[in-house]
Amino acid sequence: MGSTGFDVVVSRVLECDLALLVCYVFGSSSEVRSPPWNADVSTTVVRSGKRSVGRFICEEEVTEFRTLVLADNFWSVGPGGVDEEHLMAITGTKNPLLGETTCGSLLQQLQLIWDEVGESDDERDKMLLQLEQECLDVYKRKVDLAAKSRAHLLQTLADSKAELSRLLSSLGEKTYFGIPDKSTGTIKEQLAAIAPLLEQLLKQKEERVKEFTDVQSQIQKIRAEISGNIDTIEKAGPPTVDEEDLSLTKLDDFQSQLQELQKEKSDRLHKVLDFVSTVHDLCAVLGMDFYSTVTEVHPSLNDSVGVQSKSISNDTLSQLAKTVATLKEDKKRRLQKLQELAQQLIDLWNLMDTPREEREFFDHVTCNISSSDDEVTVPGALALDLIEQAEVEVERLDQLKASKMKEIALKKQTELEDIYARAHIEIDTEAAREKIMVLIDSGNVEPSELLIDMDNQILKAKEEALSRKEILEKVDKWMAACEEESWLEDYNQDENRYNSSRGAHINLKRAEKARILVNKIPALVDTLVAKTRTWEEDRGLTFSYDGVPLLAMLDEYAMLRHDREEAKRRMRDQKRFHEQINTEQESLFGSRPSPVRPLGPKKVVGPRANGSATNGTPNRRLSLQSGGSGVRSMTKDGKSSNRPAAPVNYVAIAKEDAASHVSGSEPAPSSP
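So for the sequence shown, full-length UniProt numbering puts the first residue at 1; every next one is plus one.
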């Protein structure tokens, strides 16, 4: 090429001939013989009559290479072509004399050797073809290795992208800011960009798997505790985590399940502790061994086991509930038995007048006589030995009671008579007492049977008294109202009732209340009659009040009240008639002085205790006889000597009459 005289073999395949290619592209036409373009076969370039073999490139490739080189300003091309020094600086191919070995220098040496040896052109071509083939083989191997490496890198990149997508899908990440927007740059650059993200996501996945494992393990454990299969779960090992779905949504679902199970476990644990506490209290009251009772349900319920280790299974809760129910039933049965024994003890003590000192030995029995199941909490209060002790005492007192049979029977008869007396039922007490004494003395009846019979009589008497209670209460109200009515009549007849004497204001207040009460008497009588008739119709008996039919008393009262009201009405009419005559006479003859009223002893009405006057007002009581005192005298046995009946003076002062009395008009004269 000009100054050097080298023949350049242009080859696109051999990289070691790059310098020759450059010389060919930029050299003069006189120095390099132009090859046939687009030739696919080898072309010979002759230097000093010798040949070199190479593959020519097409014109378009040369033009593209020239444009690329000029554009990158690798060198400047002078008018004479590329000088050797500049070309060698670019291609790395220097003069062999400089001592560096290149493909061109080796080829020069080979040509010199051939020249010295005198190799023929055929041998030279053959050896050059062999060199070219060996170079091609090396390049092919390198290209294959590079292609395989590229394919491996591409596969690695694809796998990385797939792994990235799979991790994002598994973690539930729809968007991730660390992912490159576009696949730009070389394969290694893309791999380098994805690698940190993959590492971060793998670490995040590992942490997420740990979270899932922990949550699922807790869920599995709590479910096993609830089902009672804790041993099976321990053998099964940790739960399997679905790594295809590690999203936060699913983790939240598991955590929600865990929270629900933890709440259920807490509730169950509280139930277990409540049951255990109840069992402890019941065993203490019943005098039973708590530890043996509770460990029969489950060994973990012992106090030596921690709270969190106690069994909360369905079977444990069911067994605890059954145990509590059994103990409560046993407690109820024992309490009922103890209360019966306590009542028997009290009855026997009362019958035989047992001193307080002897009773104190059984205060622990009688103290719970009216207690409910929940109120008995003292340890040992319902122990079996205590109940047996009470049974022995009751048997002893029963044997002692036989010797005091008469005294006990008479006490029961007295109780029966008191019930009838309070209910105003008349019985023959003397005959009943004589009959009891005859039965006891004859020995024809067992003492216990006699007492049972008397207890039955007392029970029936109480039931009958209870059925009469409402009517008797209204009878008491009626009689009290009639008594106030009698007092009010006396009060209204007192001319000095408005004087400022001592106690006058008290009588005035009482009169006001008495008028209100008297006005309620008719309605009270009607109600009493209706209830009495209903009672008699239901039982087919006559309702007697101390031996007198109550309806007869009420009918007599109604008639007397009607008669009194008629008398009062006639007196009012007569009074109005006289007043009218006096008015007419005064209008004809003028007024005349009224006769002077004789001054008599003043009657002062004061407050009465129990309905009786304290200073001068006669005491009017209920009586069937007109004008009688009506006071029932009591006999030695406490019975009434006469029958209560409707009082004569049952008529209440009408409202207008009461107003006329208050204004100072003359009181109406009482009927005889």
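We treat Cβ as the ideally placed atom computed from N, Cα and C, and that holds for glycine.
Residue burial classification, residue i (beta-carbon count within 10 angstroms, cutoff 16)
i	result
Lys126	exposed
Glu483	buried
Gly559	Per the sequence shown, residue 559 should be read as Met rather than Gly. Met559 is exposed by the Cβ-count criterion.
Cys283	buried
Tyr498	exposed
Asn507	buried
Leu447	What sits at residue 447 in the sequence shown is Pro, not Leu. It counts as buried.
Glu225	buried
Leu400	exposed
Leu128	buried
Gly104	buried
Asn492	buried
Tyr291	exposed
Val138	exposed
His266	Residue identity check: residue 266 is Ser in the sequence provided, not His. So Ser266 ends up on the exposed side.
Thr532	buried
His298	buried
Val294	buried
Glu207	exposed
Asp494	buried
Arg569	exposed
Alpha helix (DSSP H) segment containing residue i, residue limits
i	result
Arg150	121 to 171
Tyr291	290 to 295
Asp573	550 to 589
Ser227	187 to 227
Gly429	Reading off the sequence shown, one finds Thr at residue 429, where the question assumed Gly. Note, Thr429: alpha helix (DSSP H), 429 to 442.
Cys367	Careful: Cys367 lies outside any alpha helix (DSSP H) and carries neither H nor E.
Ile387	384 to 401
His298	Segment: none, His298 is in no alpha helix (DSSP H) and carries neither H nor E.
Phe275	248 to 286
Gln339	314 to 352
residue 732	The structure shown does not extend to residue 732, since the chain is modelled only from 1 to 672, so the question has no answer here.
Glu473	447 to 492
Val117	103 to 117
Ala409	405 to 422
Glu358	356 to 359
Same chain only: Cβ atoms within 7 Å of residue i, ignoring 5 sequence neighbours per side
i	result
Thr542	Glu536, Pro549
Thr278	Val324
Leu439	Val445, Leu450
Trp349	Arg359
Glu243	Ser170, Val209
Neighbourhood of residue i by C-beta, 6 Å cutoff - its chain only, sequence neighbours within 5 removed
i	result
His424	Tyr545, Asp546
Ala409	Ile436
Gln339	Ile369
Ala383	Gly287
Phe212	Val241
Glu296	none
Ile427	Tyr420
Ile230	Ala224
8 Å Cβ shell around residue i - same chain, five flanking residues per side excluded
i	result
Ala530	none
Trp478	Ile521, Leu524, Val525, Leu528
Ile346	Thr366, Ile369
Ala147	none
Asp245	Ser170, Gly172
Glu391	Leu341
Paired residues, beta bridge with residue i - DSSP
i	result
Tyr498	The partner list for Tyr498 (beta bridge, DSSP) is empty, contrary to what the question assumes.
Tyr545	Val548
Anticipated Cβ contact below 8 Å, residue i with residue j, distance rounded
i	j	result
Leu171	Lys210	About 13 Å separates the two Cβ atoms, so there is no contact after all.
Leu269	Ile312	6 Å
residue 714	Gly228	In this structure the chain extends from 1 to 672, so residue 714 is not present and cannot be described.
Ala342	Phe275	Incorrect: roughly 30 Å between the Cβ atoms, too far for contact.
Leu157	Gln190	6 Å
Met454	Gln413	7 Å
Val272	Thr316	7 Å
Thr429	Glu417	5 Å
Ala465	Arg422	7 Å
Ser217	Pro238	6 Å
Gln344	Val394	5 Å
Leu488	Val518	6 Å
His364	Leu386	7 Å
Leu202	Ser160	Rounded, the Cβ-Cβ distance is 11 Å, inconsistent with contact.
Any chain B beta carbon closer than 8 Å to residue i
i	result
Leu248	The structure shown contains no chain B, having only a single protein chain.
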